[in-house]
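Visitor: Every position in the sequence shown, counted from 1, becomes a number in the numbering used here once 117 is added. Cβ atoms here follow ideal geometry from the backbone N, Cα and C, with glycine treated the same way.
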Amino acid sequence: MTQRKVAFVTGAASGLGRAAAEAFVAKGYATILADRDEAGGRKVEALLREQGDCLFVPCDVANDASVKDAIAQGVEKYGRLDAAFNAAGIDGEHGRMTADCTLENWQRVLQIDLTGTFHCLRHEIPHMLKSGGGSIVNCSSVAGLRGAPTFAAYCAAKHGVIGLTKAAALEYAREKIRVNAICPGTIDTPMNQGLDEELLRSLLESSPAGRLGLPEEIAATVLFLCEEQAAFISGQAIAVDGAWTAR
Ligand SMILES: NC(=O)c1ccc[n+]([C@@H]2O[C@H](COP(=O)([O-])OP(=O)(O)OC[C@H]3O[C@@H](n4cnc5c(N)ncnc54)[C@H](O)[C@@H]3O)[C@@H](O)[C@H]2O)c1
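1) In the DSSP output, which residue or residues are listed as bridge partners for Asp152?
2) Indicate, with yes or no, if ligand 1 has a heavy atom lying under 6 Å from the CB of Val178.
3) Using the three-state DSSP reduction, which class does Pro332 fall into: helix, strand or coil?
4) For the beta strand (DSSP E) holding Val296, just list the boundary residues, first then last.
5) Can you tell me whether Glu139 is buried or exposed? The criterion is at least 16 other CB atoms within 10 Å of its CB, across all chains shown.
6) Counting Cβ pairs, one atom from each stretch, are 3 or more of them under 8 Å apart for the stretch 194-214 and the stretch 159-166?
7) Just list the residues that DSSP pairs Ile304 with in beta bridges.
8) Just to confirm the assignment, what range does the beta strand (DSSP E) spanning Val123 have?
9) By Cβ distance, which residues of its chain are closer than 6 Å to Ala187, with the 5 residues on each side in sequence left out?
10) Whether or not the stretch 281-294 and the stretch 330-344 are in contact is what I'm after, with contact meaning three or more pairs of Cβ atoms, one per stretch, closer than 8 Å; do they touch?
11) Give the secondary structure of Phe202 by DSSP, where H, G and I count as helix, E and B as strand, and everything else as coil.
12) Confirm, please, whether the CB-CB distance from Ala270 to Cys218 is below 7 Å.
13) Would you kindly work out how many angstroms separate the C-alpha atoms of Gly277 and Lys144, rounded to a whole number?
14) Following the continuous alpha helix (DSSP H) through Cys237, name the residue where it begins and the one where it ends.
Next comes the structure, spelled out in structure tokens:
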């Protein structure tokens with residue numbers, strides 16, 4: 118009998134993390150839902166329990182011990198770890214040029230988006246080594262592939278996520294742990310609902326496809342990267358952006 122696979126998803130209470138968690142559950146993965154938003158995470162857990170097996174664990178990715186504990190709780194319940202989508206993230210303050218980016222914003226965005234991803238990797242990998250391999254998808258952005266004016270901290274963090282992805286992919290390839298980064302364009306999630314109208318209009322105008330992406334379109338790529346058919350794909354930064362970075 119083949120063993121049921123287990124996935125760990127951060128940022129599972131909302132947006133891309135939530136969509137990927139839904140896709141993992143639909144595919145039959147026992148899914149560990151991690152988020153610092155406990156109320157939102159428990160709501161998603163209640164909804165997804167109707168379709169499959171999942172467990173919400175409170176987790177602040179900025180805190181190494183919290184990540185370690187969240188993964189340990191999930192692995193204690195489900196026995197192994199095969200896949201992870203490290204999606205928790207923030208975009209931080211908008212609209213300030215680099216010299217005006219506050220130190221507070223810089224540190225907060227780097228701590229959650231980059232160091233948070235590192236915390237996830239360092240606690241996911243040991244469990245995957247025990248499971249005989251696995252697939253990790255880190256959430257970067259098109260801002261990890263191109264400059265993003267007035268988003269210096271976010272842009273630096275998301276470029277960093279790609280470097281971290283490549284280093285880990287090289288290190289663990291022989292152990293059958295694959296590590297990729299996904300680079301979404303502008304996707305219709307709560308993160309963008311806070312943007313001012315002018316910025317949102319300019320993002321839509323710059324979209325070759327003339328629309329925002331859908332969370333399910335990112336989730337489908339995450340699932341593909343975690344499955345056997347992607348067994349030779351590792352160390353890549355994969356844009357899912359309706360051709361935005363093709364310019
Ligand atoms: N939406 C987009 O257009 C877009 C584009 C490119 C990349 N991304 C990236 O996708 C990821 C998900 O974004 P989204 O659009 O779903 O945003 P979202 O705001 O809808 O969801 C983010 C989730 O992460 C959680 N979170 C934030 N900080 C956390 C922390 N310290 N610990 C644990 N959980 C935390 C939030 O509670 C929330 O549930 C982020 O890394 C973001 O940078 C989003």
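Guide: According to the structure data:
1) Pro175
2) yes
3) helix
4) Ile294 to Pro301
5) buried
6) no
7) Gly330
8) Val123 to Thr127
9) Ala151, Val174 and Cys176
10) no
11) strand
12) yes
13) 31 Å
14) Gly233 to Ser248
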